[in-house]
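From first to last, the protein sequence lines stand for chains A and B. So that you can map any letter, position 64 of the first sequence is 49 in my numbering, and since no number is skipped, the others follow by simple counting. So that you can map any letter, position 109 of the second sequence is 440 in my numbering, and since no number is skipped, the others follow by simple counting. Even glycine gets a Cβ: it sits at the ideal position worked out from N, Cα and C. The next block holds one structure in the form of structure tokens; read it before the comments.
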Amino acid sequence: MKKVENIDQFMKSLSNHNPSFEDGFADRVLREIETEKGVSEDSYPEFLSLFRWIALSGVAAIIILLFTVYFTEGAMDVDALFGVFNYSADNPELAYLNY
Amino acid sequence: MELVSQSVQGNMTAFRAIIEKYESMIAKIIISMIGNKDDADDIGQEVFIRFYKSMGNFKGEAKLGTYLARTAINLSLNEIKKRSKRWLTTTSNYNDYDLSSDEEANTIDTKNIINLSLAKLEPEFRSVIVLRHIQGFSTKETAEILHIPQGTVLSRLARGQKKLKEIITKLDVI
């Protein structure tokens, strides 16, 4: 193995240590940025906006359902939500189901 | 700062100029830190991509070189941590050199001696040696990059040099 003369020479050789990337490094970085831009500008916002519309539609449907229940049943409790607001335990229809 | 503000406005030629200006500095830091050129290339790209994404927030309080060097050091240290978690030693990239084989050992030149000895140095000492001796940052700049006091830089430098001496003595190259 080639020997270094002394530690001082070795420390000096550290400052001359000049490793580099393969040629075309800047091109690779710019290409990667363009690829990431493409992904973020095209697919991601499209997906986000689709998700937003689906979520908003769901929320709107739930609000409409709650209003409908309130106006038809005249109340907004669990029984009204399950559609059994006008029924009691001794109701013939429920008694038949329990039978 | 001119190149940065042009890049923020979407001028990719200006951003290319930034990459070309700092590419060799970043290469020196990352390759010296992790040894493997392929991984270093990926990390180098990540340094510039991260800067591209955040350059709108870059106020120029730190020099751009210092800022990029800090990112490069942090990403290199993360890579070293990842490797040690995968039960790989930090010297694994240098195992191609079989020091027991005289024929191969004779082909190892100073550059490879540097790589070998740096790889055997703990990351905290390696980062100081790389920034101070290989990249040539001042003690103050090294302290800023590593977020440590200047006194710590100096003590790590002294201990790092001592350890390097022990390592190259063991490698029987001195």
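Other residues of its chain near residue i: CB distance less than 7 Å, five sequence neighbours each side excluded
i	result
Lys494/B	Leu452, Phe456
Ser448/B	Leu495, Ile498, Ile499, Leu502
Gln340/B	none
Leu399/B	Tyr353, Ile357, Val378, Phe382
Residue i at chain B interface by Cβ criterion, 9 Å
i	result
Leu33/A	no
Val69/A	no
Glu58/A	no
Ile18/A	yes
Ala11/A	yes
Per-residue burial, residue i [other beta carbons within 10 Å of its own, 16 or more giving buried]
i	result
Thr420/B	Because Thr420/B sits at a pLDDT of 49, beneath the cut-off of 50, its placement in the model cannot be relied upon, and the following sentence gives the value as read from the coordinates. Flag for Thr420/B reads exposed.
Lys359/B	buried
Gln(-6)/A	exposed
Asn1/A	exposed
Ser407/B	buried
Val69/A	exposed
Asn92/A	As shown, chain A starts at -14 and ends at 84. That puts residue 92/A outside it, with no answer to give.
Glu19/A	exposed
Ile476/B	buried
Arg124/A	With chain A covering only -14 through 84, there is no way to say anything about residue 124/A.
Gly375/B	buried
Alpha helix (DSSP H) segment containing residue i, residue limits
i	result
Glu19/A	10 to 23
Gly375/B	368 to 385
Asp64/A	63 to 67
Lys413/B	395 to 416
Pro454/B	454 to 460
Below-9 Å beta-carbon distance, residue i vs any chain A residue
i	result
Leu452/B	no
Glu354/B	yes
Ala358/B	yes
Lys442/B	yes
Leu495/B	yes
Asp429/B	Because Asp429/B carries a pLDDT of 42, less than 50, the predicted location of this residue cannot be relied on, and no value is offered for it.
Ser423/B	Because Ser423/B sits at a pLDDT of 45, beneath the cut-off of 50, its placement in the model cannot be relied upon, and the point is left open.
Phe468/B	no
Asn426/B	In this prediction, Asn426/B has a pLDDT of 42, which is less than 50 and means its spatial position is unreliable; what the coordinates show is noted afterwards. Judged by the 9 Å Cβ criterion, Asn426/B is not in contact with chain A.
Ala371/B	yes
Ile411/B	no
Arg347/B	yes
Chain A contact residues for residue i, given Cβ-Cβ distances below 7 Å
i	result
Arg490/B	Per Cβ cutoff of 7 Å: no residues; Arg490/B is ~14 Å from chain A at best.
Ile445/B	Ser(-2), Leu(-1), His2
Met343/B	Leu15
Residue i beta carbon near the ligand SAM (any heavy atom closer than 8 Å)
i	result
Asp370/B	This structure does not include the ligand SAM; it has no bound ligands of any sort.
Proximal chain A residues relative to residue i, where beta-carbon distance stays under 8 Å
i	result
Ser363/B	His2, Pro4
Arg381/B	Those do not exist, as Arg381/B stays about 11 Å from chain A at its closest Cβ, beyond 8 Å.
Ile465/B	Leu(-1), Ser0, His2
Gln508/B	No information on residue 508/B is available, as it lies outside the stretch 332 to 505 that chain B covers here.
Close beta carbons around residue i, own chain, < 6 Å, minus the five adjacent residues each side
i	result
Gly387/B	Val339
Other residues of its chain near residue i: CB distance less than 8 Å, five sequence neighbours each side excluded
i	result
Arg490/B	Phe456
Ile411/B	Met364, Ile365, Thr421, Pro454
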